[in-house]
Structures are given as structure tokens and as C-alpha cells.
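One structure is given below, encoded as C-alpha cells.
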Amino acid sequence: MWVLWTLVIVAFSVWLGHTWIVALRNKYQHTLESRLVLFVIALVSWVLARQIALQVAPQLGMLPITVISTALAFGPFCLLSFIAVNMWLAALTRPYDEKIWNLEEEEDRLIRELEALRWKALNAPLDAEPDRKQAGSPDDPDDEIAKLNKIVLDWEQAGGAARVRSLKVLEWKEEISAKGDAELRSETERLWKTVEAEADEGRQEQARARWALCRAELMVRESRVRRESIPRETRKDDKPQIASDQMAMRQRLQDILREMQAVRAEKAEFLQKKIRLTWRRGP
């Protein structure tokens, strides 16, 4: 019975080794560095296998020992090369992993700060709330900005192209942040006219999402200007400041999720193509 199990294990090991050798040839683009590393691994594996063969059958001649050593070296070579290539792959994908790790760290920090601000808002005095209600704005700016962000998020997740749309939103945000207030206001008006005039539903929804992004940024800037124009000593409490900080943190959390999705997509795309094993940068 043990002979049968031995044959099964050997056959399975050979199949695994063959699968790895095929992947090593087809999935990776080898360079001088990778060939040198694999040659050293092959040499070490053959020397190790030869020592084993000499200890097991010292009476055999040089040719049989060489043949047996070559056969025995197949297993250690597959194992060691698998470890070496995966360590190499981890080094090549480290920039993506570091970006994701940094974004996750920032996300955790913002969540903790957001929770602290929530408790601070709950414990803040309430006497300024009636004054703010009497100020006359029909809609709370925070609620309006949240609705605008939801328009962007709904468009981003619709249509089965979340990755492409996430990258598009990040590109829009960079363009919007570089615009001045007057230019941003003009862009917002232009986009709304496009929304009203566009007949194609897909283009209309895209224009609406971009308009919502511009409008939200404009409202954030206007809210910041109003807050900074009020002397600190005349403010009755810190709730407007807390609400503004919470809004900014929520927007940053949405940006972090988009950035992580984009980085993970780039990493997946990198792993799907033929990987060049080299320590040098560039093609």
C-alpha cells in the first residue's frame, strides 16, 4: 500500500513541478538578473541532490550518479525557485502595497477623528442652533453637499465600470481643485446647462455627476469663507466648525476609497500581464 501512496505523491509532485515550470516560462519575462538567480538555484539544487545520491548509492558510477542527481534536483529547484520568484514579485508589488497601506492608515485615522468630532458635537452646547435656523437657509449646506456627493457616488457605481469611473472622478477632483472660485462657478453653470440640454442619457448622467462634484466643492469653499469671516469670539459654539470638519473628513474618506480602488486595480492589472523580473527600473 505504501508503494501506491509513494507513486501517487511522486506523480502529484511532478505535476506540481511541471505546472510551476510552465508558469515560470510563460508568466514571467526573464532578464539577466533572473536567469542568474535561477542558475544559482539550479546549481545549489543539483549539488544537494548529488550529495544525497552519493550517500544513498555510493557504488554507482559517475554517469548514473549524474542522471540521478539531475532527477532529484528537480524538486528542490521547483521549491526554491518558487520561493525566490514570489519574494521577487512581492518586492515588485511593494509600491502598490505601500500605497494601499498608507491609505488604510489614513482611513483609520480619519475614522477615529470623525468619531471624536461626533462625540464633541454631542457634548457641545445647543444655544446657537436656533440662531442658525433663523438665519434663513432652507437647506442645511451639509445636507445639500451630502446629496451632491450621493449623485457622484451613484454615477460612479452604476453601469458596471466602477474602476474607470473612479479614476475619472479622481481626475475631475484634481481639475476642480486647481480652479479658482470664479472659474469653478462658471464651470458649474456650464455643466448644468449641459445637463438640461443633453439628450443622451449616459452623457447627461456623466455631466450631472461632474456638476455635482463642482457644486459640492463650491459650497465647501463658500462655507469656509463664511466661517472665516466671523470673528472667533462672536461664535456661540463650535458646532459649525465641527460640522465643516466632519464634512471635509467624509469627503476625504470617499477619496481614499476611490484611490484604494484605483491602486488595487493597477496592482491587479500588473499581476495579470507578463511580469519582468528585474531589480532595475524602467523597461
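Mind the numbering: the sequence shown is residues 11 to 293 in this note's numbering, read in order. Note that the Cβ used here is the ideal one computed from N, Cα and C, for glycine as well. Just so we're clear, the structure is a prediction, and the values are computed from it rather than from any experiment.
Residue i, DSSP secondary structure in three states
i, result
"Gln39", "strand"
"Leu287", "strand"
"Gln216", "helix"
"Pro105", "helix"
"Gly71", "coil"
"Asp210", "coil"
"Ala168", "coil"
"Gly85", "helix"
"Lys189", "coil"
"Ala145", "In this prediction, Ala145 scores a pLDDT of 43, lower than 50, which makes its location untrustworthy; the coordinate-derived value is nonetheless stated afterwards. Of the three classes helix, strand and coil, the one that applies to Ala145 here is coil, per DSSP."
Candidates the options, of which the one nearest residue i by Cα
i, options, result
"Leu287", "Leu102, Arg225, Arg213 and Gly27", "Leu102"
"Val230", "Ser55, Ile110, Ile51 and Asn159", "Asn159"
"Ala199", "Tyr38, Ile62 and Ala222", "For the sequence presented, residue 199 should be read as Glu rather than Ala. Out of Tyr38, Ile62 and Ala222, Ala222 has the C-alpha closest to the C-alpha of Glu199."
"Ala52", "Met270, Glu125, Cys88 and Lys283", "Cys88"
"Glu269", "Ala63, Glu181, Ala100 and Leu48", "Glu181"
"Val50", "Gln69, Ala83 and Leu73", "Ala83"
"Glu197", "Phe280, Arg220, Lys37 and Glu184", "Arg220"
"Trp202", "Gly71, Glu279, Gln214 and Asp210", "Gln214"
"Arg173", "Gly71, Gln271, Trp289 and His40", "Gln271"
"Arg218", "Ala188, Pro74, Val179 and Ser233", "Val179"
"Ile285", "Thr41, Leu26 and Glu232", "Thr41"
"Gly190", "Glu114, Glu232 and Glu125", "Glu232"
"Leu127", "Gln61, Glu184, Leu113 and Gln256", "Gln256"
"Gln216", "Ile161, Ala192, Arg234 and Arg104", "Ile161"
"Asn112", "Ala81, Leu267 and Leu281", "Leu267"
Inter-residue Cα distance where the pair is residue i and residue j
i, j, result
"Asp153", "Ser91", "57 Å"
"Phe22", "His28", "10 Å"
"Trp165", "Ala258", "21 Å"
"Gly2", "Val54", "The structure shown has nothing for residue 2, since the chain only spans 11 to 293."
"Gln144", "Cys224", "Its pLDDT being 43, under 50, Gln144 is placed unreliably by the model, and the measurement read from it follows with that caveat. In a straight line, the C-alpha of Gln144 is about 28 Å away from that of Cys224."
"Glu227", "Arg175", "19 Å"
"Leu58", "Pro68", "15 Å"
"Leu163", "Lys157", "10 Å"
"Val77", "Leu48", "20 Å"
"Pro148", "Glu211", "Only weak support is given to the placement of Pro148: the predicted model assigns it a pLDDT of 47, under 50, and the value that follows is read from those uncertain coordinates. Going by the C-alpha atoms only, they are around 30 Å apart."
"Glu116", "Val32", "41 Å"
"Gly71", "Leu64", "10 Å"
"Lys37", "Val205", "47 Å"
"Ile93", "Leu73", "30 Å"
"Gly146", "Glu114", "Confidence is the limiting factor: at Gly146 the pLDDT is only 42, short of 50, which leaves the residue's position unreliable and the question unanswerable from this model."
"Glu125", "Ile155", "20 Å"
"Val24", "Arg60", "19 Å"
Contact belief for residue i with residue j at Cβ below 8 Å, rounded distance in angstroms
i, j, result
"Ile186", "Leu177", "Rounded, the Cβ-Cβ distance is 15 Å, inconsistent with contact."
"Ser79", "Trp98", "Ser79 to Trp98, Cβ: 27 Å. No contact."
"Lys283", "Tyr106", "With a Cβ gap of about 14 Å, Lys283 and Tyr106 do not count as contacting."
"Ile110", "Arg236", "The pair is not a contact, with the Cβ atoms about 37 Å apart (cut-off 8 Å)."
"Val95", "Leu26", "Val95 to Leu26, Cβ: 15 Å. No contact."
"Glu108", "Trp289", "Contact flag wrong, Cβ pair sits at about 17 Å."
Three or more beta-carbon pairs under 8 Å between the segment 262–274 and the segment 109–122, yes or no?
-> yes
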